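Written below as C-alpha cells is the structure these notes are about.
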Amino acid sequence: MEATTQAHDDAPTRVPRMNDSVSAPALSFNGVSMVYPDGTHALSETTFDVRPGEFVTVVGPSGCGKSTLLKIASGLHDPTTGSVTVDRKKVGYVFQDATLLQWRNVQRNVELLAELAGVPKAERAQRATDAIQMVGLGGFERKYPKQLSGGMKMRASLARTLVLGPSVFLFDEPFGAVDEITRERLNDEVISLFDRQRFAALFITHSISEAVFLSTKVMVMSARPGRIVAEYDIPFDYPRVPDLRFEPEFAHICGEISHALRGAHT
Amino acid sequence: MSDLHNPYIVPGEDAGEVEHHILDAAPPTPKAKFEWSTVFGPLALFIVFMGLWQYMHESGLRTFFDKPGFLVPSPVTVINESFMRSRPRGKLLTGLQWTAFVAFIGLAITIVVGMALATIMARAKWAERAVYPYLVALQAMPVLAIVPVIAAVFGYGLGPRIFVCVMISIFPVASNTLFGLLSVDKGQHDLFTLSGASRLTRLFKLQFPSAMPAIFTGFRISAGLSVIGAVVGEQFFRQGSKPGIGIVIEEYRQKIRFPQIYGGLVLVAALGIAVFLLFGWLTKVVVGHWHESTR
Numbered sequence: 186m187e188a189t190t191q192a193h194d195d196a197p198t199r200v201p202r203m204n205d206s207v208s209a210p211a212l213s214f215n216g217v218s219m220v221y222p223d224g225t226h227a228l229s230e231t232t233f234d235v236r237p238g239e240f241v242t243v244v245g246p247s248g249c250g251k252s253t254l255l256k257i258a259s260g261l262h263d264p265t266t267g268s269v270t271v272d273r274k275k276v277g278y279v280f281q282d283a284t285l286l287q288w289r290n291v292q293r294n295v296e297l298l299a300e301l302a303g304v305p306k307a308e309r310a311q312r313a314t315d316a317i318q319m320v321g322l323g324g325f326e327r328k329y330p331k332q333l334s335g336g337m338k339m340r341a342s343l344a345r346t347l348v349l350g351p352s353v354f355l356f357d358e359p360f361g362a363v364d365e366i367t368r369e370r371l372n373d374e375v376i377s378l379f380d381r382q383r384f385a386a387l388f389i390t391h392s393i394s395e396a397v398f399l400s401t402k403v404m405v406m407s408a409r410p411g412r413i414v415a416e417y418d419i420p421f422d423y424p425r426v427p428d429l430r431f432e433p434e435f436a437h438i439c440g441e442i443s444h445a446l447r448g449a450h451t
Numbered sequence: 352m353s354d355l356h357n358p359y360i361v362p363g364e365d366a367g368e369v370e371h372h373i374l375d376a377a378p379p380t381p382k383a384k385f386e387w388s389t390v391f392g393p394l395a396l397f398i399v400f401m402g403l404w405q406y407m408h409e410s411g412l413r414t415f416f417d418k419p420g421f422l423v424p425s426p427v428t429v430i431n432e433s434f435m436r437s438r439p440r441g442k443l444l445t446g447l448q449w450t451a452f453v454a455f456i457g458l459a460i461t462i463v464v465g466m467a468l469a470t471i472m473a474r475a476k477w478a479e480r481a482v483y484p485y486l487v488a489l490q491a492m493p494v495l496a497i498v499p500v501i502a503a504v505f506g507y508g509l510g511p512r513i514f515v516c517v518m519i520s521i522f523p524v525a526s527n528t529l530f531g532l533l534s535v536d537k538g539q540h541d542l543f544t545l546s547g548a549s550r551l552t553r554l555f556k557l558q559f560p561s562a563m564p565a566i567f568t569g570f571r572i573s574a575g576l577s578v579i580g581a582v583v584g585e586q587f588f589r590q591g592s593k594p595g596i597g598i599v600i601e602e603y604r605q606k607i608r609f610p611q612i613y614g615g616l617v618l619v620a621a622l623g624i625a626v627f628l629l630f631g632w633l634t635k636v637v638v639g640h641w642h643e644s645t646r
C-alpha cells in the first residue's frame, strides 16, 4: 500500500474508499476565508468536504488557523467569505480543554447537553449512563472533576459529546494536554467509537502520529494565512490496533507528512 | 481481563465489551485529619493574650504609660462585673440581640441588593459603567460622617440603622458577585453557546454556579462588615428606643464603668467570630465538595 498524495492546488481527485457509495458530505467548506477584526488573516480560500465515515485530520504549525476551522464549522465564528454547509443540530464539539462544569459530578456533566436540549430527565440519565460506560468511566459517575485525572476528564468530555448522538464530530486538539501514553489510550477510545458509529469527524492536532493513526485522510495546513497545502489518504483499515504505530508503512506516511509540514512552515 | 502484554482493544471484539484502560491516576482525595496545631495555636495565643492583659492591669499600664490600672480591668473583673451580675448581663445581652438583629437584617438586604446589582451589571456593560463608580465611592466614603444626617432625616428607629449597616457592608457582595459572574471559563461559555442556551439558562446553569466561591467570599467579608456597621452605626443613634450593644457600651463609657465596656467588646468580638465561622461553614457546605481550595 502506498499513501496517495496530491498537491491541493489543482482540483482534488478523490480516492475511492471502502464501500464508497459517494454519500453526501456531512460537512463542507466552500471557499472559506477568515480575517479576524484585529487583521489576522487566519484562513484563506479553504474548500473541502467531510463525508459520513470519513475521519479527516488537519495538522499544521501552531497558530496556523486550525482551530478557526472548527470555530467556523460549529458556528461559533462566521467566516469572512465563503460558507459552511452542515446540520448544526448534529454537530458534537470536543473542546481543547475538558470544559467540565466543576460543580457537577461526572453523571450530571455528561447529562448537560441533553439537559440544555430539553431531553426528559429519565432519558438523559439513561443516555449519560450509556455514554459513560462507552468511554470507560463506569464507576466514576459520582466523582467531581477535581477528583479526576486529565485523561478521565477528557473521557468525561467525550461522553458528554456522545450523549446527543452527533453525526459530525469536531475535535479541537482534544488530547494536547495529556501525557503521551494517556493520549494513545484516548486515541484507542476514539478509534473504537468511530469504528462503531462511523460518524464524520474533523480532528485538529499538531501530532502527526495521532493524525495518521486516527484518520482516513490527513490534511496539512500552512501558516498565516492558513491554507490546505497537501492531503494524504491513509490506507489502513479499521479497526486499527495500537501496534499499527510501529509498522514501517505507518512511519513512512508520518515521514511524508512531516516533510510537507516543514515545507508549509517555511 | 486480558493479560498485561496485550492490554489493548482487540480487533473484532464485541463492541459491548470493549476494555478501557485508564492509566493516569486521579489526584488523591485529601482526608480531613485532626491536627494539634488547629487547637494548640489559638489556645497558646489565648493564654499569652490573657497573661498580657492581666499584666497590663497589674503593673504594665503604670510602668509603661504611667496610667492607673483600672483603665484595663483584669479579665476576672470583666467577667464578674459584666456577666456574673444580672443587671449588666441583661443589658449587654439584650443589646447584643438588637445588634445581631440589625446586622442580620442588614446582611440579608445587602446580599439581595448586592447580588441583584451585580447581576444587572454583569448583563449590561452600560449598567456596570453607570453603577460601579458609585459602589466604589460608597466603599471609600466614611459613611459615619453622614450618619448624623441620616439620623436627622429618617429618625432613630431600626430602619435607618439597618440602612447604615447596608451602606457599610454592600460593596464586597456586589463586587465579588460581579467578578464571579464575569470570570466564567471561555470554553464553558462556548459550550453553552453551541447548545443554543438562552441568557437565563446561561445565568443560572453556568454563571451563578461558577461564581459561587467568589460570591461566598463576598458574603463572608460583608457579614463581618455588617456587624461593624450595626455596632458603629448605633453609637451615632444614641437615642434609639431599642438599644444595641454599641449604645450600651456608649452608656457605660459615659458612666466610666470600664469592666462593662470590655465585657461589651468581648460580646461583639464573639458575635463577629460566630458570623465568620457560620459563613465559613456555609461555604464549605455549598461549594466545598467541588471547589479546588476551600478554606
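Top to bottom, those sequences are chains H and X. Counting with our numbering, you get residues 186 to 451 for the letters of the first sequence. Counting with our numbering, you get residues 352 to 646 for the letters of the second sequence. Think of the CB as a built atom: it goes at the ideal place given N, C-alpha and C, for glycine as much as any other residue. Bear in mind the structure is a predicted one, so any value in this text is a computation, not a measurement.
Residue i at chain X interface by Cβ criterion, 8 Å
i, result
"glycine 321/H", "yes"
"serine 247/H", "no"
"lysine 331/H", "yes"
"leucine 399/H", "no"
"leucine 254/H", "no"
"glutamine 287/H", "yes"
"threonine 390/H", "no"
"glutamate 434/H", "no"
"threonine 314/H", "no"
"tyrosine 417/H", "no"
8 Å Cβ cutoff, residue i in contact with chain H
i, result
"glycine 639/X", "no"
"proline 484/X", "no"
Chain-ordered chain X contacts of residue i [CB-CB under 9 Å]
i, result
"alanine 302/H", "Ser546, Gly547"
"glycine 335/H", "Asp375"
"aspartate 223/H", "What aspartate 223/H touches in chain X: nothing, since even the nearest Cβ is about 17 Å away."
"leucine 298/H", "Leu542, Leu545, Ser546"
Buried/exposed call for residue i, threshold 16 Cβ in 10 Å
i, result
"cysteine 439/H", "buried"
"histidine 408/X", "buried"
"proline 594/X", "buried"
"glutamate 643/X", "exposed"
"tryptophan 449/X", "buried"
"leucine 629/X", "exposed"
"serine 268/H", "exposed"
"threonine 389/X", "exposed"
"aspartate 417/X", "exposed"
"alanine 400/H", "The question names alanine, but residue 400/H in the sequence shown is serine. With 16 or more Cβ atoms within 10 Å of its Cβ, serine 400/H is classed as buried."
"tyrosine 221/H", "exposed"
Own chain residues within Cβ distance below 8 Å of residue i, not counting five before or after
i, result
"leucine 557/X", "Val535, Gln539, His540, Phe543, Ala548"
"proline 493/X", "none"
"proline 484/X", "none"
"lysine 275/H", "Ala211, Pro351, Ser352, Val353"
"proline 264/H", "Val217, Ser218, Met219, Leu228, Ile257"
"aspartate 373/H", "Pro427"
Under 9 Å from the C-beta of residue i: neighbouring residues of chain H
i, result
"threonine 552/X", "Leu301"
"proline 499/X", "Those within 9 Å of proline 499/X in chain H number zero; the least Cβ separation is about 46 Å."
"proline 439/X", "By Cβ distance, chain H contributes nothing, its closest Cβ being about 48 Å from proline 439/X, past 9 Å."
"proline 378/X", "Lys331, Gln332, Leu333, Ser334"
Neighbourhood of residue i by C-beta distance below 6 Å, restricted to the same chain and skipping five residues each side
i, result
"threonine 367/H", "Gly336"
"phenylalanine 530/X", "Ala565"
"serine 577/X", "Ala454, Gly457, Leu458, Cys516, Ser520"
"tyrosine 603/X", "Gln611, Ile612"
"phenylalanine 354/H", "Gly277, Phe384, Ala386"
"leucine 447/X", "Ile596, Leu618"
"phenylalanine 339/X", "The structure shown does not extend to residue 339/X, since chain X spans only 352 to 646, so no value can be given for it."
"histidine 640/X", "none"
Contacts that residue i makes with chain X (C-beta to C-beta distance below 7 Å)
i, result
"aspartate 282/H", "Gly538"
"histidine 259/H", "Correcting the residue type first, residue 259/H is serine in the shown sequence and not histidine. Near serine 259/H (Cβ distances below 7 Å), the residues of chain X are Leu545."
Closer than 8 Å at the beta carbon, the chain X residues around residue i
i, result
"glutamate 374/H", "His371"
Cross-chain neighbours of residue i in chain H, by beta carbon under 7 Å
i, result
"glutamate 643/X", "Lys331"
"proline 594/X", "Neighbours of proline 594/X on chain H: none; closest Cβ ~44 Å, over 7 Å."
Sequence-distant residues of its chain with Cβ nearer than 7 Å to residue i (five each side left out)
i, result
"arginine 430/H", "Ser394, Phe398"
"proline 362/X", "Any answer about proline 362/X is weak, because its pLDDT of 38 lies below 50 and its placement is not dependable; what the coordinates show is given next. If we look at proline 362/X and ignore the five residues flanking it on each side, it has no Cβ neighbours."
"alanine 302/H", "Leu349"
"alanine 562/X", "Thr528, Gly531, Leu532"
When you check each C-beta in the stretch 511-542 of chain X against every C-beta of chain H, which residues fall closer than 8 Å? Of all residues in the stretch 511-542 of chain X, Asp536, Gly538, Gln539, Asp541, Leu542 have a Cβ within less than 8 Å of some Cβ in chain H.
Within 8 Å of chain X by C-beta, residues of the stretch 337-365 of chain H in sequence order: Within the stretch 337-365 of chain H, the residues whose Cβ lies closer than 8 Å to some Cβ of chain X are Met337, Arg340, Val363, Asp364, listed in chain order.
Closer than 9 Å between beta carbons: that is the criterion. Which residues of the stretch 553-586 of chain X meet it against chain H? Under the 9 Å Cβ criterion, the stretch 553-586 of chain X contributes Lys556, Leu557, Pro560, Ser561, Met563.
Positions along the stretch 407-423 of chain X whose CB lies within less than 7 Å of some CB in chain H: Contacts with chain H (Cβ-Cβ distance below 7 Å) from the stretch 407-423 of chain X involve no residue at all.
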